[in-house]
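Numbering (this note's numbering), first residue to last: -16 to 337. The structure under discussion appears below in the form of structure tokens.
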Amino acid sequence: MKIALILGTRPEIIKMAPVITELERKRIKYFIIHSGQHYSYNLDKIFFRQLSLPRPDYKLDVGSTSSGEQTGLIISRVEKILKKDRPELVLVQGDTNTVLGGAIAAKKLGIPVGHIEAGLRSYDERMPEELNRKLTDHCSDFLFVPTIKSRDILLREGISKKKIFLTGNTIVDSVKWNINEINNSKKFKTMPKKYFLVSLHRQENVDNSKRFKNIVNGLKKIKKEYMIPIIFPIHPRSKKMAKKYKIDFKGIDIIAPIDYLRFLHLEKNAFLILTDSGGVQEESCILKVPCVTLRDNTERPETIEVGSNIIAGDNPEKILLCVNKMLKQKRNWVNPFGDGNAASKIIKIIQNKI
Ligand code: UD1
Ligand code: UDP
């Protein structure tokens, strides 16, 4: 058996890492195709190095271009590789253009597709990710869902229950392994919970000047009220758009994107996290740090239900109110994303079925 893993962005590398490690452990043949959707050192190589992942076997170097062109380039370049080096299964993870492009290329060649983190829905058609998830789910043969909610979404959409497997989310595996590393390392000291941590990069937020400015005004209100640092490792998309819209970050500590261990360490010790990231909503829930989501919806409703997260949108007053509310919340919720053995469950299912 030979498996192809297709990835290309920061969250895919982090969430595929446990799957790669499991394939290595079980000595199953695999190869990695990297789309090149992310290419800056601190969005890409930094994670391969830190998580001790093997170099990708194929690099497609699609780079940054329009969404349609990027997806098209991924389809045609992945197809060429899969024709030469045909695996029994292609695995993709998440909801990026890399995921959709990889899934379409494989499916058109008659190669079965496994979608890790299937069944998430925001029901927000403005998001490119929503289209990517839906289309990928509907052309996949193995749908590895993180929660019962995601399984039920797929069943309601008419996907056969024979194709759906409840495994939990591999982000729990990643957090557990790397938090252990942090706890055992002298490099990471315990820090007082005296800062807010921010991550913001969604297209519908930062490519919209009004929403981006509103959110930054919300952050400034928090700073005024709580008088503690607001640390914001800024994604390159947000940096580019902030320059274009002349956004003033006065009072906010903007830093470059950081490696996974440093980011997890910052998350773990944060007073509260404000984010529009999918992975960060999950990690804050797993790490028992309250989260305020800077969006109008979430495809991770489990976090709202357990009480780790709240939807604030982009209204500055509402953002502050949500922060105040979440800080009063007890941190005794239960992580709904699984027990940290998702990768081994996924590989076991694949071994049984293929
Ligand atoms: C992509 C995914 C998003 C995911 C995010 C993770 C899609 C549609 N979007 O968004 O779902 O949450 O990755 O971070 O697939 N850039 C760099 N260096 C890089 C990559 C990008 O400077 O290595 C800049 C470029 O100016 C580029 C912009 O960031 O135009 C956006 O990059 P892109 O990959 O298109 O989307 P993301 O916002 O990163
Ligand atoms: N992350 C990181 N360094 C940073 C910011 C985020 O390592 O400076 C990690 C974070 O811990 C999470 C993942 O990147 O695991 C989330 O990626 P992102 O927010 O880019 O994408 P999304 O999850 O929204 O698709």
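From the three backbone atoms N, C-alpha and C, an ideal C-beta is built for every residue, glycine too.
* So, does the CB of N335 fall closer than 8 Å to a CB anywhere in chain C? -> Reference to chain C is not applicable here, since this structure consists of a single protein chain.
* **Of the residues C305, Y24, D297, the one placed nearest F195, counting alpha carbons only** => D297
* Return the chain-ordered list of same chain residues with a C-beta closer than 7 Å to the C-beta of G234, the five sequence neighbours on each side being excluded. => K203, K206
* Under 7 Å Cβ to Cβ from C305, same chain only, skipping five residues before and after it: list those, please. => V275, I293, A295
* Asked: Would you call the CB atoms of V73 and I57 closer than 8 Å?
  -> no
* Asked: If you scan the segment -15 to 46 from start to end, which runs of the beta strand (DSSP E) of 3 or more residues do you find wholly inside it?
  -> -15 to -10, 12 to 17
* Asked: Do the segment 234 to 245 and the segment 254 to 261 meet, that is, are 3 or more Cβ pairs less than 8 Å apart?
  -> no
* Asked: So L180 is in the beta strand (DSSP E); what residue range does that whole segment cover?
  -> 179 to 182
* Within this structure, are the beta carbons of E113 and D107 separated by less than 8 Å? -> yes
* Selection from K226, M210, G77 that minimises the alpha carbon distance to L(-12) -> G77
* Asked: Which term fits I217, buried or exposed, when burial requires 16 or more other beta carbons within 10 angstroms of its beta carbon?
  -> buried
* D27: buried (16+ other C-beta within 10 angstroms of its C-beta) or exposed? -> buried
* Asked: For the putative contact between I142 and D120, defined by C-beta atoms under 8 Å, what is the C-beta separation to the nearest angstrom?
  -> 7 Å
* Asked: Under the rule that 16 or more other beta-carbon atoms within 10 Å means buried, what is K328, buried or exposed?
  -> buried
* Asked: Excluding sequence positions up to five away, which residues of its chain have a Cβ less than 8 Å from the Cβ of K177?
  -> I211, P212, F254
* How many whole angstroms separate the CB atoms of S168 and V189, which I take to be in contact at a CB cut-off of 8 Å? -> Going by Cβ atoms, the distance from S168 to V189 rounds to 33 Å, so no, they are not a contact pair.
* Nonlocal neighbours in the same chain, by C-beta distance under 7 Å from E(-5), ignoring five residues either side -> Q76, G77, T79, T81
* To do: Go through the segment 51 to 123 residue by residue and report every complete run of the beta strand (DSSP E) that reaches 3 residues or more, in order.
  => 72 to 76, 96 to 99
* Asked: Taking just the CA atoms, how far does N335 sit from Q33?
  -> 31 Å
* Asked: Given that a residue counts as buried once 16 or more other Cβ atoms are within 10 Å of its Cβ, and exposed if not, what is G323?
  -> buried
* Give every residue of the same chain whose Cβ lies closer than 6 Å to the Cβ of K12, excluding the five residues on either side of it in the sequence, and list them in chain order. => K(-15)
* Among all residues, which have a Cβ less than 5 Å from at least one non-hydrogen atom of ligand 2, and in what chain order do they fall? -> R(-7), P(-6), I(-3), P216, P240, I241, Y243, F246, S260, G261, G262
* For I134, collect the residues of the same chain with a Cβ closer than 7 Å to its Cβ; drop the 5 residues on either side in sequence, then sort them by chain order. => A quick correction: the sequence has Arg, not Ile, at residue 134. Within the same chain, R134 has close Cβ partners G102, V128, I147, L149.
* Taking all protein chains shown into account, decide if P37 is buried (16 or more other Cβ within 10 angstroms of its Cβ) or exposed. => exposed
* N80: CB within 7 Å of a non-hydrogen atom of ligand 1 -> yes
* Beta-bridge partners of C274, as assigned by DSSP -> I256, N292
* **For F320, the first and last residue of its enclosing alpha helix (DSSP H)** => From DSSP, F320 is part of no alpha helix (DSSP H); its letter is neither H nor E.
* To do: Taking 8 Å as the cut-off, decide whether the C-beta atoms of K251 and I162 are in contact.
  => yes
* Asked: In this structure, does DSSP put I230 in helix, strand or coil?
  -> coil
* To do: Go to F195, then tell me how far its alpha helix (DSSP H) extends in each direction, as first and last residue.
  => 192 to 209
* Asked: Beta carbon of S47: closer than 7 Å to some heavy atom of ligand 1?
  -> yes
* To do: Would you kindly work out how many angstroms separate the C-alpha atoms of A86 and R69, rounded to a whole number?
  => 14 Å
* Buried versus exposed, by CB contacts within 10 Å (16 or more), G19 -> buried
* Length of the line joining the Cα atoms of K9 and A0 -> 14 Å
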